[in-house]
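Read through the structure below, which is laid out as structure tokens, and then see the notes.
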Amino acid sequence: MGVNDAAWEKLFDKYRILEEIGQKGCFPISAAQIKEFREPRLMTKFDHRVNLPAVFAENGLAILPVSRGDYVISSFSAYHDFEEPVGNAQRVFIPPLFQSLMPQFLVSEAIALNCAYDCGILHDFLEEDGALAPTVSGRMSSGGFAFRIDTARRPMAVEVRNSQIEIDAAYEGARFLSLFEAKRDLAGDFLIRQLYYPFRVWSGRVTKPVKTVFLVFSNGTFYLYQYQFRDPGNYNSLELVKQKNYAVATEIRRSDIEDLLRTVPTAEEPRIPFPQADRMPRIVNLMELLSERPMTKQDITSEYAFDGRQTNYYTDAGRYLGFIEKGMDPEGNILFWLSGSGRRVMGLGYRERQLAIAGEILRHRAFRDTLELCLHWGEMPDKRTVVRIMEGANLCGIGARETYLRRASTVTSWVNWILGTIQEPAI
């Protein structure tokens, strides 16, 4: 049991929180009460559902701040699943004079936002007339407002008084004020409060419409989600307005990929289970995070809103490609870090990084042969053909035909990722 889990178990026992929620529908709790067992700032930050302590998850609960020192616990519908990105990414170019904004240097949310602004991504996405200027950002007080939020029983009224909010960036033009929450991890969900509290604060302070935008950046690609609240007084009235993706230009051509097919030697299959992780962007994103520090299995599970099984899938995929290594930390926790190959690749320029990752994938026969057929036929081979290729590739950890069929989706997904790096008609 983690430190947070244990501390919350003690709080729930001491204050009979489950019984109180059962009777009254919620339980107000102060920072002073939380601090009896652990520092509140470490006990109340749950950006994804999976971050919630066990006692919360097991009982369908969440927690929201209502002032600088007070919170409320209930069966809130507090999170929203990201919609799947749609459409091809629009190419963007970093102006040559901005040498510090190359993708390999975008190591924080603030720098990624600056790059999106300087590349014209924000102007395009926000559809603002004329000039667009950065305005408010950072931590500030919420002032006062009230809202309704869904619970397992019924909608509940919540009143906020001078809670702390944080805005990653805001950009204002002639028609709109646009508030941004930015992340560098490709997680599956987010805490609605990160958009809702700033929206309520600033829609009460300006007369022009307020847009709320989530920006996720990884490996040269910006994923932007614009949301609106149909009913400003309803926390759960969130709906997606539009979603668009932008990718920094690499000038990779089909001939570059064909050169890899000719020159990259075929590797012996590692004795690691054949990957069951379809999203190559998430694997690269994991490498980005590991380039900053080693991470435990729990760190990765929390960062991505994974369950433990998904963490195994994606770390095993990185190990299969030789980019990630696995061991134990001094406390006996499973630990992951970048291998020498992984550090080398992540230190490359953006174009060279993409080609290096593609080259490592193509060292494995299942992916190489599938890509060769795809380029030759002008379309992706069907699943049965991919399975036949896999059956002849001496793969580890695949026995039943049903398993081959499931893992074939990883082959086609990774091959499509390679094709997606080509910035001309691929086939």
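Start counting at 1 in the sequence shown, then tack on 737, and there's your number in the numbering used here. Ideal Cβ positions, reconstructed from N, Cα and C, are used throughout, including at glycine.
- Looking at the DSSP output, residue 928 bridges to 816.
- In the three-state scheme derived from DSSP, where H, G and I count as helix and E and B as strand, residue 802 is classed as strand.
- Secondary structure note for residue 947: its beta strand (DSSP E) is the uninterrupted segment 947–955.
- As computed with DSSP, residue 981 is found in a beta bridge with 961.
- The alpha-carbon separation between residue 949 and residue 851 amounts to approximately 17 Å.
- Assignment of beta-bridge partners to residue 1061 by DSSP yields 1075.
- Beta-bridge pairing by DSSP links residue 828 to 984.
- Annotated as proximal: residue 801 and residue 809, with beta-carbon spacing under 7 Å.
- DSSP places residue 787 in no alpha helix (DSSP H); its state is neither H nor E.
- For residue 762, no pairing in a beta bridge is given by DSSP.
- Residue 783 carries a coil assignment under DSSP once its states are collapsed to helix, strand and coil.
- Membership of residue 1009 in any alpha helix (DSSP H) is not indicated, and neither H nor E is assigned to it by DSSP.
- DSSP, reduced to helix, strand and coil, places residue 873 outside both helices and strands of the structure shown, so it counts as coil.
- Residue 881 carries a strand assignment under DSSP once its states are collapsed to helix, strand and coil.
- For residue 1022, the three-state secondary structure derived from DSSP is helix.
- In the three-state reduction of the DSSP assignment, residue 898 falls in the strand class.
- Considering only 815, 780, 999 and 1098, the residue with the shortest C-alpha distance to residue 893 is 815.
- By the criterion of a C-beta distance shorter than 6 Å, residue 763 is surrounded in its chain by 809 and 811, once the five residues flanking it on both sides are discounted.
- Annotation: the continuous beta strand (DSSP E) that includes residue 908 extends over 906–909.
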